[in-house]
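Chemist: The structure is given below, and queries will be raised subsequently.
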Amino acid sequence: MKNWLQNIILVSVSVIFLLITLEYVVLQFFITATDVARVEFKDDMIRYRHNQQGVTKLSNEFSAPFSINENGWNSHHKRYSIDKNNKTRVAVIGDSYIAALEPGYKNAIPFLLEQKLGSNKYEVYNFGIGGAHLAQYLHMFNKEVLKYEPSVIIFLIIHNDFSSSYQKDLMASGRYGGTFLRLSIAEDGQVVEIPPRPYEPKWDKLLNFRFMRYIFYQYKLRTRISYIKSLVLNEQYKMNMDASMLTDNKDKDKILANYVVSNIMKIATERGIKILFAMNGDTQSIYQNATPDERSQPNELNTMMKKTSEDHGAYFLDLHGNFHNEFTVNHKRFEFKTDGHWNPYGQAIATEALVSKTTKILNAPPN
Numbered sequence: 001m002k003n004w005l006q007n008i009i010l011v012s013v014s015v016i017f018l019l020i021t022l023e024y025v026v027l028q029f030f031i032t033a034t035d036v037a038r039v040e041f042k043d044d045m046i047r048y049r050h051n052q053q054g055v056t057k058l059s060n061e062f063s064a065p066f067s068i069n070e071n072g073w074n075s076h077h078k079r080y081s082i083d084k085n086n087k088t089r090v091a092v093i094g095d096s097y098i099a100a101l102e103p104g105y106k107n108a109i110p111f112l113l114e115q116k117l118g119s120n121k122y123e124v125y126n127f128g129i130g131g132a133h134l135a136q137y138l139h140m141f142n143k144e145v146l147k148y149e150p151s152v153i154i155f156l157i158i159h160n161d162f163s164s165s166y167q168k169d170l171m172a173s174g175r176y177g178g179t180f181l182r183l184s185i186a187e188d189g190q191v192v193e194i195p196p197r198p199y200e201p202k203w204d205k206l207l208n209f210r211f212m213r214y215i216f217y218q219y220k221l222r223t224r225i226s227y228i229k230s231l232v233l234n235e236q237y238k239m240n241m242d243a244s245m246l247t248d249n250k251d252k253d254k255i256l257a258n259y260v261v262s263n264i265m266k267i268a269t270e271r272g273i274k275i276l277f278a279m280n281g282d283t284q285s286i287y288q289n290a291t292p293d294e295r296s297q298p299n300e301l302n303t304m305m306k307k308t309s310e311d312h313g314a315y316f317l318d319l320h321g322n323f324h325n326e327f328t329v330n331h332k333r334f335e336f337k338t339d340g341h342w343n344p345y346g347q348a349i350a351t352e353a354l355v356s357k358t359t360k361i362l363n364a365p366p367n
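Encoded structure:
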């Protein structure tokens, strides 16, 4: 019994010493741990905590700075102005693809789009936050974006933006996912909005530890566990989502899209704002076949979203063709290996398509 107790004490002391060494020596002087952008719940909406800077590191693959402005968004604009000026204002709403903590704000669509359109005539505001979904985009549109009176609002839609808007097991994913607007869709198609819950920052203290940031954010432990789980259970995942959900939720996805788009377009039409829904392509089918795969399960969502958008008078851009054409020529992947987000190359290809589409929209007659 005495030897057993001594062994327990010895192991405990060794583990504590190892953790202290990792925290205050290895991860401070030899392997710098990633920074994590903190969040805050302000004006009835989750956003990044204002006026913070840091560097996001993806394993050994990539590192990029983030700069959260006075309004709580990762942007080269230090402050968003409500007042109008002589520039045409464009807003971009999205999830982590637009927040761009991984590739860096200067490698992301909002910054690149402004540069391509001409920063002397246009200003592009970034409204992206990781984990957001279609229901939250509606909330961001109403509570935050409208007050800046943009001429054009671009929504970047990812395939996992649908079911996560209404499925209970997905709505609270992540450390602040429960703070998003949620929708309840009844069997008869009735939609009820469930207001966001205020953010509880009690777990944020763990982010002060370099070891926690390294394991969960830099090394992407959750992503790696999900990947191993999919291999063990022989589940099919595409673009960070369970592919089976694409077939199980078709009716609810259509109801969701119609609800969100119709509500956005009602207000946008009244205010003379032009709306563009841009949607990610099924890059996994592109990598596998190098031919257009319009009948893939993810692309069925693209087809549905295109019809819904156009039925309500919104513009739509399907990025699948752009990614397919680019991959056919260059055979370069558009995502980071570490976590599946667009890398700077993917962001640049999407931006080129958006520049062309946005220019046409800006030159189009009023709604």
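Take 1 as the starting number for the sequence shown in the numbering used here and just add one per residue.
Backbone N, C-alpha and C fix where the C-beta goes; we use that ideal spot for every residue, glycine too.
Note that the structure is predicted; figures quoted are calculated from it, not measured.
Candidates 283, 36, 314: which alpha carbon is nearest residue 350's?
Modeler: As a position in the sequence shown, residue 350 is number 350, starting the count at 1. Of 283, 36, 314, the residue nearest in Cα terms is 283.
Chemist: What is the DSSP secondary structure of residue 73, counted as helix, strand or coil?
Modeler: In the sequence shown, counting from the first residue as 1, residue 73 sits at position 73. Three-state DSSP puts residue 73 in coil, outside helix and strand.
Chemist: Apart from the five residues on each side of it in sequence, which residues of its chain come closer than 6 Å, Cβ to Cβ, to residue 344?
Modeler: The sequence position of residue 344 within the sequence shown is 344, counting from 1. Answer for residue 344: 103, 107, listed in chain order.
Chemist: Note down, in chain order, each residue of its chain lying with its Cβ closer than 8 Å to the Cβ of residue 183, except the 5 sequence neighbours on either side.
Modeler: For this step, residue 183 is matched to residue 183 along the sequence shown. Cβ neighbours of residue 183 beyond the five flanking positions: 135, 165, 166, 191, 192, 193, 194, 256, 259.
Chemist: Hey, would you say residue 355 sits closer than 8 Å to residue 308, going by beta carbons?
Modeler: In the sequence shown, residue 355 corresponds to position 355, counting from 1. In the sequence shown, residue 308 corresponds to position 308, counting from 1. Result no, Cβ atoms of residue 355 and residue 308 do not sit closer than 8 Å.
Chemist: Please determine if the segment 110–121 and the segment 48–56 are in contact, where contact requires at least 3 C-beta pairs separated by less than 8 Å.
Modeler: No, because fewer than three Cβ pairs between the segment 110–121 and the segment 48–56 fall closer than 8 Å, the two stretches do not touch.
Chemist: Tell me whether the beta-carbon of residue 319 lies closer than 8 Å to the beta-carbon of residue 159.
Modeler: On the sequence shown, position 319 is the one that residue 319 refers to. On the sequence shown, position 159 is the one that residue 159 refers to. No, the Cβ-Cβ distance between residue 319 and residue 159 is not below 8 Å.
Chemist: Can the beta-carbon of residue 127 be found less than 8 Å from the beta-carbon of residue 92?
Modeler: For this step, residue 127 is matched to residue 127 along the sequence shown. For this step, residue 92 is matched to residue 92 along the sequence shown. Contact: yes.
Chemist: Under the three-state reduction of DSSP, which class applies to residue 143: helix, strand or coil?
Modeler: Here residue 143 refers to the residue found at position 143 when the sequence shown is read from its first residue. DSSP places residue 143 in helix when its eight states are reduced to three.
Chemist: Starting from the C-beta of residue 357, find all residues in its chain whose C-beta is less than 8 Å away, skip the five residues before and the five after it, and write them out in chain order.
Modeler: Against the sequence shown, residue 357 aligns to sequence position 357. Closer than 8 Å at Cβ, skipping near neighbours: 276, 278, 315, 317.
Chemist: Measure from the alpha carbon of residue 88 to the alpha carbon of each residue in 332, 281, 274, then state which is nearest.
Modeler: As a first step, residue 88 is located in the sequence shown; it is residue number 88 there, counting from the start. When each option's Cα is compared against that of residue 88, the closest is 274.
Chemist: According to DSSP, simplified to helix, strand and coil, what is residue 239?
Modeler: Along the sequence shown, one-based indexing puts residue 239 at 239. The pLDDT assigned to residue 239 is 48, lower than 50, so where the model puts this residue is not dependable, and the model offers no usable value.
Chemist: Excluding the 5 residues preceding and the 5 following residue 288 in the sequence, name in chain order all residues of the same chain whose CB lies nearer than 7 Å to its CB.
Modeler: By one-based count along the sequence shown, residue 288 stands at place 288. Around residue 288: no qualifying Cβ.
Chemist: Nearest-angstrom Cα distance between residue 67 and residue 74?
Modeler: Here residue 67 refers to the residue found at position 67 of the sequence shown. Here residue 74 refers to the residue found at position 74 of the sequence shown. Roughly 5 Å separates the two Cα atoms.
Chemist: Would you say residue 249 reaches chain E, if we count a Cβ-Cβ gap shorter than 8 Å as a contact?
Modeler: Absent from the structure: chain E. Only one protein chain is present.
Chemist: The beta strand (DSSP E) that contains residue 123, what's its start and end?
Modeler: In the sequence shown, the residue the question calls residue 123 occupies position 123. Per DSSP, residue 123 belongs to the beta strand (DSSP E) from 122–128.
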